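Here is the structure we will look at, set down as C-alpha cells.
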Amino acid sequence: MIQIPPSAITTWGSAVVFVNVLVTRLGVPLPIIPVLLFAGSAIAAGLLAFSHVLLAAVVAALIGDFAWFSAGRIYGARLTDFFARRSLSVDASIRTTRSLFERFGIAIVAVAKFVPGLALITPPLMGTTVISPVRFVAWDAVGTIVWASFWLLGGALFEQQLAMLLMVLRPYGASILDVLAAAALLYLIYRFVLRWRIRRWLRRRVVTARKLDGMMKSASPPLIIDARKHADRDEQSVRIPGARLLDPDSPGTIDRSLRASAIVVYCSHSNDVTARRVCRRLRAKGFVNVRALYGGLDEWVRRGYPVEPLPLEFGEMDSSMVRS
C-alpha cells in the first residue's frame, strides 16, 4: 500500500482538501468528512496550516455552490424537477428545503451543509428564488466557514485517536489513502443499498399505468386519488379521468366506508414522495389495498392514456370522499 510521507502531506494537503470539497459540492458522491478530519489531525501535528486548509475548503465550496446557484438561476424549476424525478431522497430534500426557506428565509443556506440531504439541493433551489447572488454567497460563506472549521477542529481534537488508528493499520500496509478509499466505498455501498430499498418498495407498492387502465375498465374500478402539489397541478392542469383531488398539505378525513376499496394514489412522477406519504398514511388508517401509480401522471400521459381537465375547485377532494 502507498505510504504518505509527512512532506507530501505538507505540500499537497490543502490541494487535496480543495479538490475533494469541490468535486463533492459539484455532486460527485464522495465522503468529505473523513478528509476534513484527517486534515484537522495534520493541523494538530503541525503538518498543515489551519488558515490554508480552511481557505481551500471555503473557496472550493463556494465555487461548487455558486455553480449550482447559477444553474438554478438559468434553468429555474426545470432543474430541480429534473433531479426530483430521479430520486425520492432528492424530492424529499427539495420539499424540506423549500419549507425551511419559507419559514426562516435565506439563513437556511448557512446551516444546510450540516444536513446531508439539504447540502447539495439548497444552492440550485436558492437560484430559483429572487435571492441575489451577493446575499447567497455571503450566507454560504458564513455557513461554509463554520462547517469546515467544525470538522477541522474535530480532527485536531481527536488527532491522537486518528494517529492510533493509522498505527494499528500500518502493520497491514494501510495508509490514510486506504482509510479514505474504504470510507468512499462504504459510502457508495450505503447509497446503493438505499436506492435498492426504494426500488424494492416501488415494486411492491405500485401499479403500472397499463394495469390501472385495465382496472378502470373492470366491473370494480379503483378509487383514484390525485395527490399532486398545487404547483404541479397549475403546471399540468389535467387529471386521470374520475380521479378525486386531495390536498396533500391539508387533507380531509377520508370516509372510513372506503377502507375495502382498491385505492391508487398518483403524483406527477414516480419519485415524488407525496404519493408514498399519502399511501403510508392511508394504510395507517386501515386502508389496506392502497398503491401508488408507477411513473405518476407523467408516465400515464406518456403512455397515451386519457386525461381530463381539472375542475375549478381542485383544492379539495370530492365531498363524497371527505368528511370535514
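So the sequence shown is numbered by UniProt numbering: it starts at 1 and just counts up by one. Where is the CB? At the ideal position from N, CA and C, for every residue including glycine. Here the structure is a predicted model, which means the values were calculated and not measured.
Three-state secondary structure assigned by DSSP to residue i
i    : result
V16  : helix
P29  : coil
R259 : coil
L223 : strand
T10  : helix
L47  : coil
P251 : Here the model assigns P251 a pLDDT of 49, short of 50, so the residue's position is not dependable, and the following value carries that caveat. Here P251 sits in coil by DSSP.
S324 : Bear in mind that a pLDDT of 35 at S324, under 50, signals an unreliable position, so the number given afterwards is only what the model happens to contain. Looking at S324 - three-state DSSP - the assignment turns out to be coil, as it is neither helix nor strand.
L100 : helix
T24  : helix
L246 : coil
P93  : A small fix is needed here, since residue 93 is Ser in this sequence, not Pro. Helix at S93.
V130 : coil
F287 : coil
E299 : helix
S218 : coil
Short Cβ contact (8 Å threshold) for residue i with residue j
i    : j    : result
G46  : W151 : no
G27  : G72  : no
D226 : A243 : yes
T80  : L118 : no
A275 : V288 : no
L297 : R228 : yes
D232 : Y305 : no
W300 : L293 : yes
A56  : F18  : yes
I145 : V58  : yes
G64  : L22  : yes
F83  : F136 : no
V307 : V207 : no
A141 : L62  : yes
F66  : G155 : no
I106 : T97  : no
A182 : L30  : no
H269 : G286 : no
S14  : L48  : yes
A260 : L223 : no
A112 : T122 : yes
Limits of the unbroken beta strand (DSSP E) element including residue i
i    : result
V265 : 263-266
I121 : From DSSP, I121 is part of no beta strand (DSSP E); its letter is neither H nor E.
L153 : Here L153 belongs to no beta strand (DSSP E); instead the alpha helix (DSSP H) covers 133-157.
Opening and closing residue of the alpha helix (DSSP H) in which residue i lies
i    : result
A56  : 50-75
I106 : Counting along the chain, I106 falls outside any alpha helix (DSSP H), and DSSP gives it neither H nor E.
A231 : 230-235
Residue i - partner residues in DSSP beta bridges
i    : result
A292 : V206, V265
V307 : DSSP output for V307 lists no bridge partner at all.
L79  : None; L79 has no bridge partner.
R239 : E308
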